[in-house]
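Input: a single structure, listed below in structure tokens.
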Amino acid sequence: MIYTTIEWFALVIIVASLIKIAFILIKPKAWMNFAAKLWRKPKVTGTISLILSAVVLYYLLTEINIVQIFAVLLFFSLFMMAGHSPDIKDLIVITRKNMKKIIKESRLYILIWLLLIIWVLWEIFTNSKAF
Numbered sequence: 018m019i020y021t022t023i024e025w026f027a028l029v030i031i032v033a034s035l036i037k038i039a040f041i042l043i044k045p046k047a048w049m050n051f052a053a054k055l056w057r058k059p060k061v062t063g064t065i066s067l068i069l070s071a072v073v074l075y076y077l078l079t080e081i082n083i084v085q086i087f088a089v090l091l092f093f094s095l096f097m098m099a100g101h102s103p104d105i106k107d108l109i110v111i112t113r114k115n116m117k118k119i120i121k122e123s124r125l126y127i128l129i130w131l132l133l134i135i136w137v138l139w140e141i142f143t144n145s146k147a148f
């Protein structure tokens with residue numbers, strides 16, 4: 018059977034998720050050791066993640082459009098909010114303590130996010146039949 022790009026991406030996230038869930042349920046310390054190693058060099062991990070996200074976006078755009086991708090982001094954002102809700106007080110405390118540093122270190126990410134938002138707004142307002 019030949020799978021589409023989106024099906025391959027779905028299979029990748031399924032396998033990664035199942036591995037993560039299995040480790041968290043069976044050997045949580047092993048998962049945390051892996052996560053610590055993965056994030057040992059956050060700039061390298063972040064750069065690789067950003068490059069991979071650009072590659073994934075490129076291939077997603079061959080099958081769906083940027084507006085559809087942002088609609089999926091809404092689902093995922095709400096799902097993540099639900100998942101983080103038990104720990105939100107701790108996350109807020111940590112974020113408040115480090116807000117200036119977080120903003121400074123996230124400038125590139127924020128710029129990319131703003132460019133994507135402008136792109137989506139452009140697509141909605143120039144291609145929508147409602148306007």
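Position in the sequence shown (from 1) plus 17 gives the number in our numbering.
Just so it is clear, CB atoms sit at the ideal spot from N, CA and C, and this is done for glycine as well.
Could you give the distance in angstroms between the alpha-carbon of residue i and the alpha-carbon of residue j?
i: Leu131; j: Ile41; result: 34 Å
i: Ser20; j: Ile86; result: A small fix is needed here, since residue 20 is Tyr in this sequence, not Ser. Cα to Cα, the separation comes out at about 20 Å.
i: Ile135; j: Phe142; result: 10 Å
i: Val73; j: Asp107; result: 32 Å
i: Thr79; j: Ala71; result: 13 Å
i: Thr22; j: Ala53; result: 30 Å
i: Lys44; j: Leu77; result: 34 Å
Could you pull the start and end residues of the alpha helix (DSSP H) that residue i belongs to?
i: Leu97; result: Here the sequence assigns Met to residue 97, which means Leu is not the residue at that position. Unbroken alpha helix (DSSP H) run through Met97: 83–101.
i: Leu138; result: 124–144
i: Leu55; result: 45–55
i: Leu108; result: 105–114
Just verifying my parser: in three-state terms, what is the DSSP assignment at residue i?
i: Thr64; result: helix
i: Leu78; result: coil
i: Thr21; result: coil
i: Lys117; result: helix
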